[in-house]
Amino acid sequence: MSVLLIAEHNNKEVKPFTLNAITAASQIDKDLHVLLIGSKADDVAKSLSEVPLVKKVLHIDHEIYENYIAENYTAAILKHADKYSHIICSANTFGKNLMPRVAALLDISQVSDIIKVISPDTFLRPIYAGNAFATVKSNDEKKCVTIRPTSFEAAETTGGSAEIEKIDAADQSENTKFINREEIKSDRPELGTARIVISGGRGLQSGENFKLITDVADKLNAAIGASRAAVDAGYITNEHQVGQTGKVVVPDLYIAVGISGAIQHLAGMKESKVIVAINKDGEAPIFSVADYGLEADLFEALPQFLEELNKLNTIQK
Amino acid sequence: MKILVAVKRVIDYNVQIRVKEDGSGVVTDNVKMSTNPPDDNAIEEAVKIKESGKATEIIAVTVGEEKAQETVRKALAVGADRGIHVKVDGIIEPLAVSKILKKIVEKENPDLVFMGKQAIDDDCNQTGQMLAAHLNWPQATFASKIEVSDKSLQVTREVDEGLETIEVNTPAIVTCDLRLNEPRYASLPNIMKAKKKPIEQINASDLGVDTKPRIEHIKIEEPPKRKAGIKVASVEELVQKLKNEAKVI
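Chains as they are written, first to last, in this note's numbering: chain V, 12 to 328; chain X, 349 to 597.
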């Protein structure tokens, strides 16, 4: 049997986490088919067909799929699910919303947010905000699995030439209507995939003070993250939140500024390769995971940090 | 309008969990337990809707062992009218919970079902979506704002790109984000009053739902520990270390 991966996209481009999920799916079974559900998404179908790990692209194109609605996606997936041993997608807000609806209708106990494929039925996944790792074996005949994207490399995107098969749409749900999506456009790297992330917490004290973070982010070409406290206080919008109920990031460098380091925040960043903590409270738990800790007032340290960065001849981008 | 709110008893979010040495799970004996945090937001939202005059009754339901009743009692203390405790021992997966909740929905006929978007113990993020699937109801997940109309809801959802707004017809399932509202504390008089509110006990086995786990937990272990870092004395030293030692900038 083959595995079926559900692609996330915006009808123009494949979303990057789909490429990480493709890598994980191919570790379960090499015969990997990708299901693309969209509207006027031929360009997406073409780019998916060029991913060498993809053996076939199933493309459903219909105007009812212009916006992603879990109810409509689920009906489309169920129409084509029976030929597959596994149904897979990324464990971001896209897949978290979608997969349980599919799993329930197939009477499958879903395995959420895996960080490692041990065998086609056995996976490693974090529980308790990453404070424990569980090795779990699914005894369902068919499996629904969501992938923590940052735990797998992104698949190569060129060199493949998979067949694209057009398949039929399913019925539309009458009970859910898309109204709008407020996407904040930014030239900065995406938080989930950035090489460097600088995050601010309650210590910033106001939204205006986040400019100190922004200035350093601009210099380092970094994405901007935040603790839940900073988002709750309205300093910055929700899509920046890093943590158990926000995003999980694994950059080469994570700089936590004015963040005390609650376990819920650590859950979202402690796998980062190098962690820097800047905090005036020397006892803050963030220092327990930091490779380099600086006990200092951030309002003095951040401008100095920028000044020191400016003195460097080169900065890796 | 009748609102059913599902709540779960979990290890308190402030507790640093410990993994059992035999790899069978995490230590729960003598550990502080609480209501799953986003379930508190679900209860709060239901109470606010009732206070605005748009809902007539709030029923809090939990699925779990004897002590899980504490979470229902807490929901009653902040404004739920009555409770249901579906008793089941041992590990119960979201799929089975969703099937049990479907039975409760069929019995109670609520217009809305609220619950937290994920439980902070197993971090599955499944139950609400699964319940919506079983009932063939619309789902509005990760809600940070809910506007109730006569036959529909407008829900603002927190998604990776920012905020998304959808409209769902009722009956519907909403899973709540922590930013939906600020849960209130129960006052002492209300805690006392809650003791008199009814909690109906039902055995899961009487509902005809198969609760046998489909997923085997082979091993629970501690994650790899990070090696201890160092404190630097100045910003200058920090930048030098990042440049020359860690080589990340």
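Don't be surprised by glycine CBs; every beta carbon is placed ideally from N, CA and C.
Fair warning: this is a prediction, and the values are worked out from it, not measured in the lab.
Within chain V, the residues placing a beta-carbon under 9 Å from that of residue 579(X) are 293, 298, 301, 303, 304, 305 and 306, ordered along the chain. Close CB contacts of residue 177(V) within its chain, under the 6 Å cut and outside five residues either way in sequence, are with 70 (chain order). With respect to the 8 Å criterion, residue 432(X) and residue 407(X) are classified as neighbours on the basis of their beta carbons.
At a C-beta separation below 8 Å, residue 112(V) has these neighbours in chain X: 477, 478, 480, 481 and 487.
Fully enclosed alpha helix (DSSP H) runs of no fewer than 4 residues occupy 104 to 116 of the segment 101 to 152 of chain V, in order along the chain. Rounded to the nearest angstrom, the gap between the Cα atoms of residue 517(X) and residue 498(X) is 9 Å.
A residue is called buried when at least 16 other Cβ atoms come within 10 angstroms of its Cβ; residue 375(X) does not meet this threshold and is exposed. For residue 459(X), not one C-beta of chain V is nearer than 8 Å to its own C-beta. In the three-state scheme derived from DSSP, where H, G and I count as helix and E and B as strand, residue 398(X) is classed as helix. The alpha carbon of residue 425(X) has as its nearest neighbour, out of 547(X), 572(X), 412(X) and 539(X), the alpha carbon of 539(X). Those residues of the segment 530 to 545 of chain X placed with their C-beta closer than 8 Å to a C-beta in chain V do not exist.
Annotation for residue 316(V): 227 place their beta carbon closer than 7 Å to its own, counting only its chain and skipping 5 residues before and after. In the DSSP assignment, residue 349(X) falls outside any alpha helix (DSSP H) and carries neither an H nor an E. By the criterion of at least three beta-carbon pairs nearer than 8 Å, the segment 440 to 455 of chain X is not in contact with the segment 379 to 393 of chain X.
Between residue 458(X) and residue 555(X), the beta carbon gap of about 17 Å keeps them out of contact (Cβ cut-off 8 Å). In this model, residue 520(X) and residue 110(V) are separated by some 18 Å (Cα to Cα). If you draw a 10 Å sphere on the C-beta of residue 198(V), you find fewer than 16 other C-beta atoms in it, and that means exposed. With contacts defined as CB atoms closer than 8 Å, residue 568(X) and residue 373(X) qualify as a contacting pair. Of all residues in the segment 430 to 463 of chain X, only 441, 442, 443, 444, 446 and 447 come within less than 9 Å of chain V when Cβ atoms are compared, listed by chain position.
Neighbours of residue 241(V) in chain X, taken as residues whose beta carbon is under 8 Å from its own, are absent, since the nearest beta carbon is some 12 Å off. About 17 Å separates the CB atoms of residue 270(V) and residue 231(V); that is not less than 8 Å, and the two are not in contact.
The count of Cβ pairs closer than 8 Å, one atom from the segment 575 to 592 of chain X and one from the segment 244 to 255 of chain V, stays below three, leaving the stretches out of contact.
Residue 158(V) places its beta carbon 8 Å or farther from that of residue 205(V).
Under a 10 Å Cβ-count criterion, residue 172(V) is classified as exposed, with fewer than 16 other Cβ atoms of the shown protein chains found around its own Cβ. Proximity of chain V to residue 497(X) at the Cβ level (cut-off 9 Å) is not reached, the minimal Cβ distance being about 12 Å. Within chain V, 123 have C-beta atoms less than 7 Å from the C-beta of residue 472(X), given in sequence order.
With its beta carbon at least 8 Å from every one in chain X, residue 236(V) lies outside the interface. Among the residues facing chain V, residue 515(X) is included, as its CB has a counterpart in that chain under 8 Å away. Taking a contact to require three or more Cβ pairs closer than 8 Å, the segment 90 to 102 of chain V and the segment 187 to 202 of chain V do not qualify as touching.
A distance below 6 Å between beta-carbons, with the five flanking residues on each side excluded, links residue 405(X) to the following residues of its chain, in chain order: 350 and 429. Residue 249(V) sits close to residue 506(X), with the two beta carbons spaced by under 8 Å.
Think of a sphere of 8 Å around the beta carbon of residue 469(X): the chain V residues whose beta carbon falls inside it are 138 and 139, in chain order. Contact between the segment 267 to 281 of chain V and the segment 231 to 240 of chain V is present: three or more C-beta pairs spanning the two stretches fall below 8 Å.
For residue 583(X), the enclosing alpha helix (DSSP H) covers residues 583 to 588.
No Cβ of chain V is located within less than 8 Å of the beta carbon of residue 412(X). Shortest Cα-Cα distance from residue 305(V) to any of 578(X), 478(X), 588(X) and 488(X) involves 578(X).
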